[in-house]
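Residue numbers (this note's numbering): 5 to 178.
We put the beta carbon where it would ideally sit given N, CA and C, even for glycine.
Here is the structure we will look at.
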(Lines of atoms letter the chains of each structure in order from A and count residues from 1; the text may use other names and numbers.)
(Lines give C-alpha, C1' and ligand atoms only; values in the text may rest on other atoms or scores of the structure.)
Protein backbone atom coordinates (compact mmCIF):
# COMPACT_ATOMS: atom_id res chain seq x y z
CA UNK A 1 0.00 0.00 0.00
CA UNK A 2 1.35 3.43 -0.96
CA UNK A 3 1.77 6.04 1.73
CA UNK A 4 2.07 9.80 1.41
CA UNK A 5 3.39 12.46 3.74
CA UNK A 6 5.21 15.78 3.83
CA UNK A 7 8.87 15.80 4.78
CA UNK A 8 10.48 18.96 6.14
CA UNK A 9 14.12 19.47 5.04
CA UNK A 10 16.53 22.38 5.06
CA UNK A 11 15.47 22.97 1.42
CA UNK A 12 11.75 23.19 2.18
CA UNK A 13 8.84 20.80 2.56
CA UNK A 14 8.31 18.04 0.00
CA UNK A 15 5.68 15.52 -1.10
CA UNK A 16 6.87 12.06 -0.09
CA UNK A 17 5.48 8.88 -1.68
CA UNK A 18 6.71 5.54 -0.34
CA UNK A 19 9.72 7.18 1.31
CA UNK A 20 10.92 9.24 -1.70
CA UNK A 21 10.26 12.77 -2.94
CA UNK A 22 7.77 12.63 -5.82
CA UNK A 23 8.83 15.48 -8.13
CA UNK A 24 5.92 14.78 -10.51
CA UNK A 25 3.34 16.13 -8.03
CA UNK A 26 1.91 19.52 -9.00
CA UNK A 27 -1.47 20.72 -7.77
CA UNK A 28 -3.70 20.23 -4.75
CA UNK A 29 -3.27 17.00 -2.78
CA UNK A 30 -5.17 15.83 0.27
CA UNK A 31 -3.04 14.26 2.99
CA UNK A 32 -5.11 13.10 5.92
CA UNK A 33 -7.91 15.66 6.01
CA UNK A 34 -5.73 18.62 4.98
CA UNK A 35 -5.29 20.09 1.49
CA UNK A 36 -1.84 21.16 0.31
CA UNK A 37 -0.58 22.71 -2.93
CA UNK A 38 2.64 21.37 -4.48
CA UNK A 39 4.75 22.44 -7.46
CA UNK A 40 7.17 19.78 -8.72
CA UNK A 41 6.91 18.03 -5.37
CA UNK A 42 7.68 21.11 -3.25
CA UNK A 43 5.03 22.36 -0.81
CA UNK A 44 3.87 25.86 -1.75
CA UNK A 45 0.69 26.20 0.29
CA UNK A 46 -0.19 25.04 3.79
CA UNK A 47 -3.66 23.88 5.00
CA UNK A 48 -4.64 27.50 5.58
CA UNK A 49 -3.93 28.19 1.89
CA UNK A 50 -1.03 30.52 2.63
CA UNK A 51 2.02 30.43 0.41
CA UNK A 52 5.15 29.26 2.21
CA UNK A 53 7.80 30.65 -0.14
CA UNK A 54 9.39 34.03 0.52
CA UNK A 55 9.16 36.98 -1.85
CA UNK A 56 12.84 36.50 -2.72
CA UNK A 57 12.18 33.23 -4.56
CA UNK A 58 8.98 34.05 -6.46
CA UNK A 59 10.59 34.83 -9.83
CA UNK A 60 9.27 32.46 -12.46
CA UNK A 61 6.85 30.76 -10.05
CA UNK A 62 3.46 29.73 -11.42
CA UNK A 63 0.88 30.45 -8.73
CA UNK A 64 -2.76 30.67 -7.89
CA UNK A 65 -3.55 33.95 -6.12
CA UNK A 66 -6.05 33.33 -3.36
CA UNK A 67 -8.05 35.89 -1.43
CA UNK A 68 -6.79 36.13 2.14
CA UNK A 69 -10.24 36.90 3.54
CA UNK A 70 -12.09 34.32 1.45
CA UNK A 71 -9.65 31.48 0.81
CA UNK A 72 -12.11 29.61 -1.40
CA UNK A 73 -11.80 32.39 -4.00
CA UNK A 74 -9.06 32.54 -6.63
CA UNK A 75 -8.01 35.41 -8.85
CA UNK A 76 -8.85 34.90 -12.52
CA UNK A 77 -9.24 36.74 -15.80
CA UNK A 78 -12.99 37.22 -16.28
CA UNK A 79 -14.40 34.92 -18.93
CA UNK A 80 -10.95 33.54 -19.77
CA UNK A 81 -10.61 36.62 -21.97
CA UNK A 82 -7.63 37.32 -24.20
CA UNK A 83 -8.60 41.00 -24.50
CA UNK A 84 -6.83 44.06 -23.21
CA UNK A 85 -8.95 45.60 -20.45
CA UNK A 86 -10.57 42.32 -19.37
CA UNK A 87 -11.42 42.47 -15.67
CA UNK A 88 -9.42 40.56 -13.11
CA UNK A 89 -11.87 39.10 -10.59
CA UNK A 90 -12.28 36.58 -7.82
CA UNK A 91 -14.07 33.35 -8.55
CA UNK A 92 -15.16 30.50 -6.31
CA UNK A 93 -14.65 26.77 -6.78
CA UNK A 94 -10.92 26.56 -6.21
CA UNK A 95 -10.87 23.01 -7.56
CA UNK A 96 -10.98 24.40 -11.12
CA UNK A 97 -7.26 24.71 -11.85
CA UNK A 98 -7.54 26.35 -15.27
CA UNK A 99 -4.85 28.39 -16.99
CA UNK A 100 -6.90 31.57 -16.61
CA UNK A 101 -6.42 31.13 -12.86
CA UNK A 102 -2.68 30.50 -13.09
CA UNK A 103 -0.26 33.38 -13.00
CA UNK A 104 3.50 33.51 -13.50
CA UNK A 105 5.41 36.00 -11.36
CA UNK A 106 8.26 37.70 -13.26
CA UNK A 107 10.74 39.81 -11.34
CA UNK A 108 11.84 42.90 -13.25
CA UNK A 109 15.25 44.60 -13.15
CA UNK A 110 13.75 47.41 -11.01
CA UNK A 111 12.69 44.89 -8.31
CA UNK A 112 8.97 44.95 -9.15
CA UNK A 113 7.05 41.93 -10.43
CA UNK A 114 4.72 41.37 -13.35
CA UNK A 115 1.73 39.07 -12.78
CA UNK A 116 1.30 37.23 -16.09
CA UNK A 117 -1.84 35.15 -16.77
CA UNK A 118 -0.66 31.89 -18.37
CA UNK A 119 -3.53 31.68 -20.84
CA UNK A 120 -2.91 35.10 -22.42
CA UNK A 121 0.69 36.07 -21.62
CA UNK A 122 -0.62 39.60 -21.05
CA UNK A 123 -0.22 41.15 -17.57
CA UNK A 124 -2.37 42.10 -14.57
CA UNK A 125 -2.38 45.85 -14.16
CA UNK A 126 -4.34 48.80 -12.89
CA UNK A 127 -6.72 51.03 -14.77
CA UNK A 128 -8.29 53.59 -12.48
CA UNK A 129 -9.49 51.64 -9.45
CA UNK A 130 -9.81 48.30 -11.24
CA UNK A 131 -7.45 45.39 -11.80
CA UNK A 132 -7.47 44.54 -15.50
CA UNK A 133 -5.52 42.56 -18.08
CA UNK A 134 -3.14 44.80 -20.03
CA UNK A 135 -0.49 44.51 -22.74
CA UNK A 136 2.68 42.95 -21.34
CA UNK A 137 5.21 45.76 -21.76
CA UNK A 138 7.39 47.82 -19.41
CA UNK A 139 4.65 50.18 -18.20
CA UNK A 140 4.39 50.93 -14.46
CA UNK A 141 0.67 50.04 -14.61
CA UNK A 142 1.59 46.33 -14.78
CA UNK A 143 4.32 46.32 -12.14
CA UNK A 144 3.72 45.21 -8.58
CA UNK A 145 5.75 45.36 -5.40
CA UNK A 146 5.42 42.02 -3.62
CA UNK A 147 5.75 42.17 0.15
CA UNK A 148 5.72 39.26 2.57
CA UNK A 149 3.40 39.88 5.50
CA UNK A 150 4.20 38.73 9.04
CA UNK A 151 1.75 35.82 8.72
CA UNK A 152 3.43 34.47 5.56
CA UNK A 153 0.84 35.85 3.11
CA UNK A 154 1.67 38.36 0.37
CA UNK A 155 0.54 41.82 -0.61
CA UNK A 156 0.72 43.11 -4.17
CA UNK A 157 1.13 46.90 -4.42
CA UNK A 158 0.87 48.74 -7.74
CA UNK A 159 3.94 50.72 -8.81
CA UNK A 160 1.68 53.06 -10.80
CA UNK A 161 -0.58 54.27 -8.00
CA UNK A 162 0.34 52.49 -4.75
CA UNK A 163 -3.00 50.64 -4.68
CA UNK A 164 -3.15 47.15 -3.19
CA UNK A 165 -4.54 44.23 -5.16
CA UNK A 166 -7.55 43.61 -2.90
CA UNK A 167 -11.28 43.07 -2.82
CA UNK A 168 -14.17 45.12 -1.54
CA UNK A 169 -16.30 42.14 -0.59
CA UNK A 170 -16.01 38.41 -0.94
CA UNK A 171 -18.19 37.25 -3.77
CA UNK A 172 -17.51 36.08 -7.28
CA UNK A 173 -16.98 38.83 -9.80
CA UNK A 174 -15.72 41.46 -7.36
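Looking at the DSSP output, residue 33 sits in a beta bridge with 40. Going by DSSP, residue 137 is part of the beta strand (DSSP E) stretching over 134-138.
The secondary-structure analysis by DSSP pairs residue 151 across a beta bridge with 159. DSSP, read as helix, strand or coil, puts residue 82 in helix. For the 9 Å CB-CB criterion, residue 151 and residue 161 form a contact.
Classified as exposed, residue 27 has fewer than 16 neighbouring CB atoms from the shown chains inside 10 Å of its CB. One thing to note: residue 89 has its Cβ within 9 Å of the Cβ of residue 136. Ranked by Cα distance from residue 144, the options 122, 134, 118, 126 are led by 118.
For residue 93, DSSP records a beta bridge to 80.
Looking at the DSSP output, residue 127 sits in a beta bridge with 138. Per DSSP, reduced to three states, the secondary structure at residue 119 is strand. Residue 80 sits buried, since 16 or more C-beta atoms from the chains shown fall within 10 Å of its C-beta.
If you compare the alpha carbons of 96, 25, 116, 33 with that of residue 78, the shortest gap goes to 96.
Distance from the CA atom of residue 148 to the CA atom of residue 15, rounded to whole angstroms, is 27 Å. Residue 27 carries a coil assignment under DSSP once its states are collapsed to helix, strand and coil.
Sequence-distant partners of residue 47 (beyond 5 residues in either direction) whose C-beta falls short of 8 Å from its own C-beta, in its chain, are 10, 16, 17, 18, 19, 40, 41, 56.
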